[in-house]
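*Asks:* Protein chains in written order, with my numbering: chain A, 407 to 519; chain B, 65 to 175.
1. Considering only residues of the stretch 449-509 of chain A, which uninterrupted beta strand (DSSP E) runs meet the minimum length of 3 residues and lie entirely inside it, listed in chain order?
2. Please name the residue, chosen from B:90, B:84 and B:167, that lies closest to residue 447 (chain A) on a Cα-to-Cα basis.
3. Which residue wins for smallest C-alpha separation from residue 92 (chain B), given the options B:65, B:104 and B:134?
4. Residues of chain B with a CB under 9 Å from the CB of residue 512 (chain A): which are they?
5. If we ignore side chains and look at the alpha-carbon of each, how far apart do residue 462 (chain A) and residue 96 (chain B) end up?
6. Quick check on residue 470 (chain A): buried or exposed, where buried means 16 or more other Cβ atoms within 10 Å of its Cβ?
7. Pull up the DSSP beta-bridge partners for residue 416 (chain A), would you.
8. Can you tell me the Cα-Cα spacing of residue 497 (chain A) and residue 436 (chain A), whole angstroms?
9. Mapping the DSSP letters down to three states, classify residue 124 (chain B) as helix, strand or coil.
10. Just the chain B side, please: which residues come within less than 7 Å of residue 447 (chain A) by C-beta, in chain order?
11. Can the beta-carbon of residue 98 (chain B) be found less than 7 Å from the beta-carbon of residue 507 (chain A)?
12. Can a CB atom of chain B be found closer than 7 Å to the CB of residue 460 (chain A)?
13. Is the number of C-beta pairs between the stretch 424-433 of chain A and the stretch 479-498 of chain A that are closer than 8 Å three or more?
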């Protein structure tokens, strides 16, 4: 079955540590995205990539970094500079050439203490 | 700046009691209006895309409609398994720039 795999499902880190969230897709989609979801808030766009080796900042990129070395993979690093890193992180992908829907993974819940 | 506002924030219905969820939007040029369903602890599941005013789409007990300023998600004779958070989103820009989401409507269907 094609889909988006995010791992791990739950992640715990101490304040001051960088942490990398994994996102892999086998849908052969060109575009990939990272969103953050907090209680009572809509999904907010962190970074997106329309093609390998290229990515753009979304609305809340500060304190985050990404890479896109392979079409299938779009890892997100939450750095120690991110002031409020505890959240539910969602990765998504789309075909990328049309105004089509995003397809989401099942998320990683990050808790930083 | 694109804006998406969903109402109500929460809705509790009895099984079989039909209702509608609202999504109003402000965009410079609509590039698709998207509805998703999200269950607790899971990623959003795509339901519908609407592109032009007057367009309607249906899936089981759900029907989405679109006007120039808002979209409605009509739920007919809902069942407890329809309980979820329903998210509305609009395309951000050209091609693959992602979506701007509303905060969602938390729907509870009581047996």
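Even for Gly, the Cβ is constructed at its ideal location relative to N, Cα and C. Just so you know, these numbers come straight off a predicted model, no measurement behind them.
*Replies:* Let me lay it out:
1. 450-457, 460-463, 470-472, 482-484 and 493-500
2. B:167
3. B:65
4. 105, 106 and 107
5. 21 Å
6. buried
7. A:515
8. 14 Å
9. coil
10. 167
11. yes
12. no
13. yes
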